[in-house]
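Report on the following structure.
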Ligand SMILES: [Zn+2]
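In my numbering, the protein residues as written are 1402 to 1687.
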């Protein structure tokens, strides 16, 4: 039996995750949580067919909004259209002011790319540590975070997405290890204090620490993603590279010792927990 449209259809939000879309559909139609998911699992048809029928929506429209429903062997023209959109590597909660403005409610979970850490329009933090709408703290009084975000995007233009994503991943691991060991350096402390002063309810949350570390992570990403600086870092005379890091991030301290995470990267090109590309490529991977 073909599923029939539900009384209150829901429009998909761009790059919305499947659980988020199903949750919004259930909530709008006052259904039990998990009720539609149970039906989807019971029906032997592709999920997109049922979702399209319930929402009275063309499957093509759903696929364009939510590329996770597109078959891997899709036609090249559609793949070309979806190039650059996020894969299922990273997800976040979409800016709640943007989702409200577009009639999608306050909570929409979306797949995102690694540089989607702020909403530039509403100046909200959407990056690491944000698991719900209440974690989306305001970055209006800390322009260094928005400046770092522009820098991050420029790095992608200059060095390519793949290299910057790798460098950003390891730069995050390194900055968090330094944070665990030393707490933080001056730049991050100043940003943290400015964020916490206006929004004390966020004090000590993962999101506020992540937002405070972000400018330092981007600075380290810039040094690591640059082929010129990476070559110095991996050479036998890495002093210039270490000088740059100590001047820009670590308050004059030169990372040293076998257990230091940056030195580990310099000697072994360490990349723990890296999950590959975060965007759909124009042609299918071979
Ligand atoms: Zn927004």
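Virtual Cβ for every residue (Gly too), placed ideally from N, Cα, C. Everything numeric in this text was worked out from a predicted model, so none of it was measured.
So, at 7 angstroms on beta carbons, what are the nonlocal neighbours of residue i in its own chain, with the 5 sequence-adjacent residues on each side left out?
| i | result |
| --- | --- |
| residue 1423 | 1437, 1438 |
| residue 1506 | 1425, 1500 |
| residue 1600 | 1538, 1539 |
Going by beta carbon distance, what residues of the same chain come within less than 6 angstroms of residue i, once the five residues before and after it are set aside?
| i | result |
| --- | --- |
| residue 1671 | 1665 |
| residue 1597 | 1604 |
| residue 1483 | 1468, 1681 |
| residue 1457 | 1406, 1410 |
| residue 1466 | 1413, 1415 |
| residue 1529 | 1611 |
Apart from the five residues on each side of it in sequence, which residues of its chain come closer than 8 angstroms, Cβ to Cβ, to residue i?
| i | result |
| --- | --- |
| residue 1563 | 1678 |
| residue 1625 | 1568, 1571, 1572, 1631, 1634, 1666 |
| residue 1521 | 1547, 1550 |
Is residue i helix, strand or coil by DSSP?
| i | result |
| --- | --- |
| residue 1580 | helix |
| residue 1518 | coil |
| residue 1449 | helix |
| residue 1617 | helix |
| residue 1610 | helix |
| residue 1462 | helix |
| residue 1492 | strand |
| residue 1407 | coil |
| residue 1360 | In the structure as shown, the chain starts at 1402 and stops at 1687, and residue 1360 therefore has no counterpart that could be examined. |
| residue 1527 | coil |
| residue 1510 | strand |
| residue 1418 | coil |
| residue 1478 | helix |
| residue 1636 | coil |
| residue 1539 | strand |
| residue 1680 | strand |
Let me know if residue i comes out buried or exposed under the rule of 16 or more other beta-carbons within 10 Å of its beta-carbon.
| i | result |
| --- | --- |
| residue 1468 | buried |
| residue 1462 | exposed |
| residue 1604 | exposed |
| residue 1503 | exposed |
| residue 1669 | exposed |
| residue 1537 | buried |
| residue 1586 | buried |
| residue 1553 | buried |
| residue 1639 | buried |
| residue 1435 | exposed |
| residue 1662 | buried |
| residue 1617 | buried |
Notebook entry, point to check: Which residues have their C-beta within less than 7 angstroms of a heavy atom of ligand 1, listed in chain order?
Noted result: 1496, 1498, 1499, 1520, 1522, 1523, 1525
Check: Would you call the region 1446-1454 and the region 1499-1513 touching, i.e. three or more CB-CB distances under 8 angstroms?
Finding: no
Note to self: Three or more C-beta pairs under 8 angstroms: does that hold for the region 1549-1566 against the region 1599-1614?
What the structure shows: no
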